[in-house]
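Q:
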Amino acid sequence: MTNKGFSDLTKEELYSLIQKMKLDLKDKIIIPVHHYQSPEIVQFADIIGDSYKLAVNCSRSEKEFIIFCGVLFMAEGASILAKDEQKILIPEPTAGCPMAEMADLEQVKEAFDKIENITGKKTAPILYINSYADLKSFCGKKNGSVCTSSNAPKIIENFLKKGNVIFFLPDYYLGKNTAVKMNINDKKIVKIKKDLSFEKDKDCKNAKIFLWDGFCPIHQRFTVSDIKTLKEKYNDIKIIVHPESPEEVVKNSDFSGSTEKIFNMVLESKPGTVWGIGTETTFVSRLALENKDKTIVPLRESKCKNMMKNTPVNLAESLSSVIDYLNNNGKLKYEVEAKEEYRENAKKALDKMIEIVES
Ligand code: 13P
Ligand code: SF4
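Mind the numbering: the sequence shown is residues 51 to 409 in the working numbering, read in order.
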């Protein structure tokens, strides 16, 4: 089947061909799917979840091929945790994450040294999983840990208890929202500006947490006025947002949490509950479809176009490339591998997160 061939099929033909390829490869592949993927992709999922759930499930899988339907940092993370003989694929290799590109390794190293100098304390980099292998490797080398939105408080707490200063990156909002939730004094939460100077009027010497200045363009859009509009329209509405949203938005919401937490809270709520949800809108629409006994509305329309780059057509191409590869007849579409130089320390940083969360 040529690439053109897949896109020429009707939806029904394409879907049944994907199911057939999945069945033919059932002992060899697993398809993890992030919550933000379109329903067209979700229907082919072996596991659906947030970044943490998918990373851990991939690390425990024995399947030879993992076809990761999410964005590149997620597939790369799975490749770092994978066994030597496993291959990780992503249907569309340009599915990046703008936030993951907001921290440059050389600048991060400079900021790390500045933090250690000004505080005189051991600094632990806590790296949001939305980042690439070079930063994960730096984090492991400095004995820090990766975190996700589902476990940031637990990871930060673990390092604060040991007397470390936290250098949180690259998402400013997740860091700030977590620090606020943990009741860290505002004077001791310091933003690192783009020129690597520290936010003014803060107690830098005794600071507990320094925050990089990255953000997610999809979640940064949400505003307090979006919440007010929904509250005026619906009487008993509950607002839940992803913690990549701005601080004021999280403060004015009833709950915040990872995509898996949002999924479960909505699923477990009583029929008739009304939810206003501040996260990627393809996911919110799926929640509405899967929870018809509840009213589910987005805080505002905000789509992650990178997540939408995986389609049934390129998923079919990935599956077909595995079949060809097993017949010694072609290259995998598209294999994701972290650079060898980063693997060991990046794995150390990811394993640290899993160790803390599972302990
Ligand atoms: P979760 O870990 O909550 O799924 O978040 C991933 C992400 O990229 C949110 O924008
Ligand atoms: Fe990255 Fe934001 Fe898309 Fe998540 S929603 S993958 S953080 S751009």
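Cβ atoms here follow ideal geometry from the backbone N, Cα and C, with glycine treated the same way.
How many angstroms separate the CA atom of SER370 from the CA atom of LYS397?
A: 30 angstroms
Q: Here's a check: name, in chain order, each residue in its chain whose Cβ is nearer than 7 angstroms to the Cβ of ASN53, leaving out the five neighbours to either side.
A: The predicted position of ASN53 is uncertain, since its pLDDT is 49 and thus under 50; a value taken from the coordinates is nonetheless stated next. These residues qualify, in order along the chain: GLU367.
Q: With which residues is LEU139 paired in a DSSP beta bridge?
A: By DSSP's assignment, LEU139 forms a beta bridge with ILE117, GLU385.
Q: Can you say whether LYS186 is buried or exposed, counting buried as having 16 or more other CB atoms within 10 angstroms of its CB?
A: buried
Q: Less than 8 angstroms separating the beta-carbons of LEU349 and VAL300?
A: no
Q: Roughly how many whole angstroms lie between the Cα atoms of ASP251 and ALA257?
A: 12 angstroms
Q: Residues around the ligand SF4, please: the ones whose beta-carbon is closer than 7 angstroms to some heavy atom of it, in chain order.
A: Per the Cβ criterion, the list is TYR86, VAL121, CYS147, PRO148, MET149, ALA150, ASN180, CYS266, PRO267, ILE268, HIS269, GLU294, GLU330, CYS354, ASN356, MET357.
Q: Over the uninterrupted beta strand (DSSP E) stretch that includes PRO362, give me the two end residues.
A: From DSSP, PRO362 is part of no beta strand (DSSP E) but of the alpha helix (DSSP H) over 362-376.
Q: Using a Cβ-Cβ cutoff of less than 6 angstroms, which residues in the same chain neighbour PHE115 once the five nearest sequence positions on both sides are dropped?
A: LYS78, ILE79, LYS137, VAL372
Q: Got a sec? Which residues, its chain only, sit under 8 angstroms from TYR284 by beta carbon, not counting five neighbours each side?
A: Taking C-beta separations shorter than 8 angstroms and ignoring five residues to either side along the sequence, the partners of TYR284 in its chain run VAL324, GLY326, THR345, VAL347, following chain order.
Q: Going by other Cβ atoms of all chains shown within 10 Å of its Cβ, with 16 needed for buried, is ASN214 buried or exposed?
A: Burial call: buried.
Q: Helix, strand or coil: which one does DSSP assign to CYS108?
A: helix
Q: Taking 7 angstroms as the line, does the beta carbon of TYR223 fall inside it for any heavy atom of the ligand 13P?
A: no
Q: With which residues is SER306 paired in a DSSP beta bridge?
A: The bridge partners DSSP lists for SER306 are VAL291.
Q: Given this structure, state the Cα-to-Cα distance separating LYS237 from ILE259, to the nearest angstrom.
A: 10 angstroms
Q: Under the rule that 16 or more other beta-carbon atoms within 10 Å means buried, what is GLN87, buried or exposed?
A: buried
Q: Report the start-end ranges of each alpha helix (DSSP H) in the stretch 189-250 that is 4 residues or longer and not cut off at the edges.
A: 202-211, 222-231
Q: Tell me which residues share the same chain as LEU337 and place their Cβ nearer than 6 angstroms to its Cβ, disregarding the 5 neighbours each side in the sequence.
A: Take LEU337, set aside five residues on each side of it, and the residues of its chain with a beta-carbon closer than 6 angstroms to its own are VAL316, ILE346, in chain order.
Q: Give a yes or no on contact between the stretch 100-109 and the stretch 195-205, applying the rule of three or more CB pairs nearer than 8 angstroms.
A: yes
Q: Let me have the residue list for the ligand 13P: C-beta closer than 5 angstroms to any non-hydrogen atom, ordered along the chain.
A: Every residue with a CB closer than 5 angstroms to a heavy atom of the ligand 13P is listed here in chain order: ASP100, SER101, THR198, SER199, SER308, THR309.
Q: Where does ASN53 fall in DSSP's three states?
A: Below a pLDDT of 50, predicted positions are generally treated as unreliable, and ASN53, at 49, falls in that range; the measurement from the model is reported next regardless. Correct three-state label for ASN53: helix.
Q: Using the C-alpha atoms, what's the distance from LEU280 back to LYS389?
A: Rounded to whole angstroms, LYS389 and LEU280 show a C-alpha spacing of 46 angstroms.
Q: Roughly how many angstroms separate the alpha carbons of ILE216 and ASP401, rounded to a whole number?
A: 18 angstroms
Q: Going by beta-carbon coordinates alone, are GLU249 and LYS241 separated by less than 8 angstroms?
A: yes
Q: Helix, strand or coil for THR323, going by three-state DSSP, please let me know.
A: coil
Q: Taking contact to mean at least 3 C-beta pairs separated by less than 8 angstroms, is the stretch 136-153 in contact with the stretch 162-170?
A: no
Q: Could you check where the alpha helix (DSSP H) with GLY127 kicks off and where it finishes?
A: 122-131
Q: Shortest alpha-carbon distance to SER247 belongs to which of ALA95, ALA125, ALA161?
A: ALA161
Q: For PRO89, collect the residues of the same chain with a Cβ closer than 6 angstroms to its Cβ; drop the 5 residues on either side in sequence, then sort them by chain order.
A: So the qualifying residues of the chain are ARG336.
Q: Would you call the CB atoms of GLY146 and PRO175 closer than 8 angstroms?
A: no
Q: My understanding is that GLY264 touches PRO220, with C-beta atoms under 8 angstroms, so please give their C-beta distance in whole angstroms.
A: 3 angstroms
Q: With DSSP run on the structure shown, which of helix, strand or coil describes ILE277?
A: Three-state DSSP puts ILE277 in a helix.
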